[in-house]
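Encoded as structure tokens, the structure appears first; notes follow it.
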Amino acid sequence: MIVEGPVLKYGDKIDTDVIIPARYLTSTDPIFLAQHAMEPIDPKFYQKASKGVVVVGGKVFGMGSSREQAAIALKAAGVRAVLAESFARIFYRNAINTGLPVITVPGISKEVNEGDFVRVVIETGEVTVGDKRLSGKGVTGMALKILESGGIMEYLAHVSK
Amino acid sequence: MGYTLTEKILGRAAGRSVAPGDVTEVGVDIVAFHDLTGYHVIEVMEKAKMSKIFDREKLVVAFDHLSPPPDPRSAQIQVSIRKFVKEMGIKNFHDNNVGILHQLMVEKYAQPGQVILAADSHTTTSGALGAFAQGMGASDIAAAVITGRTWITVPEPFKVNLRGRPAKWIGGKDVALQLLGEFKADYFNGKSIEVSVEEPHSFPVDYRATVSNMGIEMNADALIFVPDTETVKFIKENRGYEPKLVTPDGDAKYVGTYDIELNRMVPLVAAPHSVDNVKAASEVGNVEVDQVFIGSCTNGRLSDFEIASKILKGRKVRTRTIAIPASYEQFKRAMELGYIKDLVESGAVITYGTCGPCLGGHFGVAGPGEVVLSTSSRNFKGRMGSPDAKVYLSGPAVAAATAATGRITDPRELE
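Those sequence lines, one after another, are chains G and L.
For the working numbering, add 495 to where a residue sits in the first sequence, where the first one is 1.
For the working numbering, add 200 to where a residue sits in the second sequence, where the first one is 1.
This is the structure:
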């Protein structure tokens with residue numbers, strides 16, 4: 496699985512209240528959620544992400560709440576993958592379960608800038624930016640199968656056929 | 201070599217011995233959700249065409265985030281969950297006016313050695329009683345509700361020792377903030393924290409619940425208090441039976457150890473907009489606040505109300521102050537003991553067991569430019585309402601002292 500796109504870059508500790516504020520959680524509609532993704536820190540995120548982007552974050556991306564809408568909102572807004580120094584456990588699982596590729600890449604916040612074009616091999620975690628190659632932690636096993644199916648429900652539907 | 205508490209609990213649940221780093225399937229003892237995540241869990245189950253429950257005795261449902269409903273959509277969500285509860289014959293259902301899910305888990309359900317999952321990050325609170333408790337998203341919880349099982353990466357255990365007795369005004373929040381200030385919000389990613397209390401009676405379950413609650417702020421996979429005489433006393437007094445204890449072996453191996461001398465601690469706060477931006481309350485400078493909030497699953501328990509009433513009794517609040525007991529039981533006991541009266545007479549608004557303003561819900565969200573001092577768990581940008589508000593976090597003593605002066609205050613200043 497290969498994912499590529501221009502980078503939108505954010506810092507350390509991007510939390511779930513920033514990714515999707517609680518007042519929108521009475522909906523699970525992906526388009527509605529996408530329109531409010533990252534609103535507290537970047538109100539134009541939806542426009543910027545709509546053509547397909549790769550989000551780059553720092554430490555513990557997705558920290559905070561268990562709200563699965565955080566991953567749903569990013570994916571529906573056009574985010575093709577999130578690359579970060581580290582992820583919060585719950586967000587990481589939610590992302591895989593909703594079909595949003597997430598790759599832990601140590602050192603990425605120093606190596607990649609806003610607007611760079613990146614190419615990511617999901618299975619190996621290899622990230623290419625211009626001449627540079629960075630090694631991340633690839634997604635393998637059942638998590639990869641879930642991603643390839645588009646999410647856990649799609650995966651389960653496929654498996655039970 | 202002996203086993204840590206984490207390895208013992210997960211080993212029992214997996215049916216085989218486990219070691220840190222193992223990805224393993226485990227059986228779950230309790231699965232829970234509340235109104236705001238519950239409808240999403242049910243939606244996932246319906247989409248999967250699998251509306252069945254692995255064991256209806258082991259599912260706990262409580263209304264707290266949208267409680268009482270602030271708008272028609274919230275009311276509709278509660279209606280749909282009530283319907284599900286009725287159709288599935290779920291006994292452990294707590295409608296409006298019972299309390300916050302995590303508090304009910306501590307009062308009624310969680311036991312030492314259990315594996316507990318709920319669709320909310322603060323599920324870690326049940327670690328106060330020695331359970332391995334994790335929050336997960338709607339899809340993971342839906343799968344656990346259907347099958348009674350989940351997969352877990354066994355975390356690396358880290359040991360924290362609480363030594364001595366807490367200094368005056370020091371409680372669970374100060375310990376949580378101390379750990380966050382020292383290790384920051386990403387250090388415990390992939391680790392479980394096992395906390396031993398040297399003098400069990402000096403650090404009661406109320407305090408432990410606050411520390412466990414904020415285990416998720418440390419990004420720990422779990423924050424578990426090693427059960428002791430205080431755990432037994434709490435469960436016996438509240439539920440009338442003695443629990444079996446699961447404790448780590450004396451020679452268990454940890455990836456690290458950290459000691460906290462409780463008697464040397466000073467009241468702490470986390471400054472905006474990060475839980476690990478920790479300072480001594482006496483060192484934040486002259487910060488005037490527009491609102492104080494005492495409550496939430498972090499600090500809405502009886503001992504929090506006791507401390508607040510000690511400080512506010514006979515004083516008048518000098519800023520908007522909202523106090524919310526975490527459950528009906530906590531409210532009733534705080535009323536019987538006179539704490540509610542003291543707070544009402546000081547000018548605080550008391551309202552009923554709900555998550556309320558903690559997540560920017562209702563009953564006191566922050567407006568643009570406002571400064572809030574809150575006993576809740578998170579001060580992320582936009583968490584309590586406007587992204588232009590600033591939220592400071594503290595325990596109940598700093599909160600009550602701040603309510604009394606209108607600016608962030610170390611409670612020792614008022615003595």
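Note that CB positions come from ideal geometry on N, CA and C, so glycine has one too.
Just to confirm my understanding: we take F293 (chain L), look at its own chain, exclude 5 residues before and 5 after, and list those with CB closer than 6 Å. What are they?
V261, V285
Got a sec? Which residues, its chain only, sit under 7 Å from I534 (chain L) by beta carbon, not counting five neighbours each side?
Per the sequence presented here, residue 534 (chain L) reads as Ala, with Ile not at that position. Taken in chain order, the residues that qualify are L502, F505, P525, I540.
Under three-state DSSP, which class holds L380 (chain L)?
helix
Skipping 5 residues on each side, what residues in its chain have a beta carbon closer than 6 Å to that of G645 (chain G)?
G594
Supposed close pair L462 (chain L), A480 (chain L) - CB separation, criterion 8 Å
Not really, about 16 Å apart at Cβ, beyond 8 Å.
When burial is assigned at 16 or more other CB atoms within 10 Å of the CB, is S577 (chain L) buried or exposed?
buried
Beta-carbon proximity check, A566 (chain L) vs V517 (chain L), cutoff 8 Å
no
Does the stretch 331-347 of chain L come within contact of the stretch 562-582 of chain G, defined as at least 3 CB pairs closer than 8 Å?
Counting C-beta pairs closer than 8 Å gives three or more between the stretch 331-347 of chain L and the stretch 562-582 of chain G, which meets the contact rule.
Give me, in chain order, the residues of the same chain whose beta-carbon lies closer than 6 Å to that of C558 (chain L); leave out the 5 immediate sequence neighbours on both sides.
S496, S576
Classify N438 (chain L): buried if its beta carbon has 16 or more other beta carbons within 10 angstroms, exposed otherwise.
By the neighbour-count definition (other C-beta atoms within 10 Å, threshold 16), N438 (chain L) is an exposed residue.
Just by C-beta distance, which residues in the stretch 578-595 of chain L are closer than 8 Å to chain G?
Listed by position along the chain: R578, F580, K581, G582, R583, P587.
Apart from the five residues on each side of it in sequence, which residues of its chain come closer than 6 Å, Cβ to Cβ, to F527 (chain G)?
none
If we count the other Cβ atoms within 10 Å of its Cβ and call it buried at 16 or more, is P400 (chain L) buried or exposed?
buried
Closest by CA to K453 (chain L), which one among L:A275, L:Q303, L:A328, L:P357?
L:P357
Whole runs of the alpha helix (DSSP H) within the stretch 352-427 of chain L, excluding any shorter than 4 residues
372-383, 405-413
Starting from E643 (chain G), follow its DSSP beta bridges and name the residues at the other end.
For E643 (chain G), which the question treats as bridged, DSSP gives no partner whatsoever.
Between the Cα of S574 (chain L) and the Cα atoms of L:T519, L:V446, L:A385, which residue gives the shortest distance?
L:T519
Alpha carbon to alpha carbon, how far is L639 (chain G) from G633 (chain G)? Give it in angstroms, no decimals.
If I take the Cα positions, the gap works out to 9 Å.
To which residues of the same chain is Y342 (chain L) closer than 6 Å at the C-beta, ignoring the five residues directly before and after it?
Note on identity: in this sequence residue 342 (chain L) is Ala, with Tyr being the wrong assignment. Cβ within range, chain order: V241, V244, M245.
Given A409 (chain L) as reference, the closest of L:K208, L:W369, L:G327, L:E430 once Cα atoms are compared:
L:G327
Would you please state the rounded distance, in angstroms, between the beta carbons of Y528 (chain L) and G553 (chain L)? I believe it to be under 8 Å.
6 Å
Relative to the alpha-carbon of V598 (chain L), which residue among L:N579, L:G569, L:H562, L:L512 has its alpha-carbon at the smallest distance?
Here the closest residue by C-alpha is L:L512.
Against chain G, which members of the stretch 233-259 of chain L pass a CB distance test of less than 7 Å?
L236, T237, H240, E243, V244, K247, A248
Pair within 8 Å by beta-carbon distance, L317 (chain L) and V395 (chain L):
With respect to the 8 Å criterion, L317 (chain L) and V395 (chain L) are not classified as neighbours on the basis of their beta carbons.
Could you name each continuous beta strand (DSSP E) segment of 3 residues or more that falls completely within the stretch 302-349 of chain L, going from the start of the chain to the end?
315-318, 332-335
Residue(s) in a DSSP beta bridge with H294 (chain L)
L:A262
Closer than 8 Å by C-beta to K291 (chain L): which residues in its own chain qualify, once you throw out the five before and the five after it? Chain order, please.
The residues are R256, E257.
Taking 7 Å as the limit between beta carbons, can you name the residues of its chain near G552 (chain G), skipping five residues before and five after?
Y505, I509, V577, A579
Exposure of D406 (chain L), with buried meaning 16 or more beta-carbon neighbours within 10 Å:
buried
Please tell me whether I460 (chain L) and Q378 (chain L) are closer than 8 Å, where the distance is taken between their beta carbons.
Yes, the Cβ-Cβ distance between I460 (chain L) and Q378 (chain L) is below 8 Å.
Cβ-Cβ distance between R588 (chain G) and V549 (chain G) below 8 Å
Not in contact: R588 (chain G) and V549 (chain G) (Cβ atoms no closer than 8 Å).
Between the alpha carbons of F263 (chain L) and T237 (chain L), how many angstroms are there, rounded?
10 Å
Whose C-alpha, out of L:G485, L:A214, L:S509, L:F563, is nearest the C-alpha of V228 (chain L)?
L:A214
Span separating the alpha-carbon of Q311 (chain L) from that of I497 (chain G)
45 Å
Which residues of chain L have a Cβ atom closer than 7 Å to the Cβ of G559 (chain G), listed in chain order?
S321, R578, F580
Along chain G, which residues have their Cβ under 8 Å away from the Cβ of I277 (chain L)?
T521
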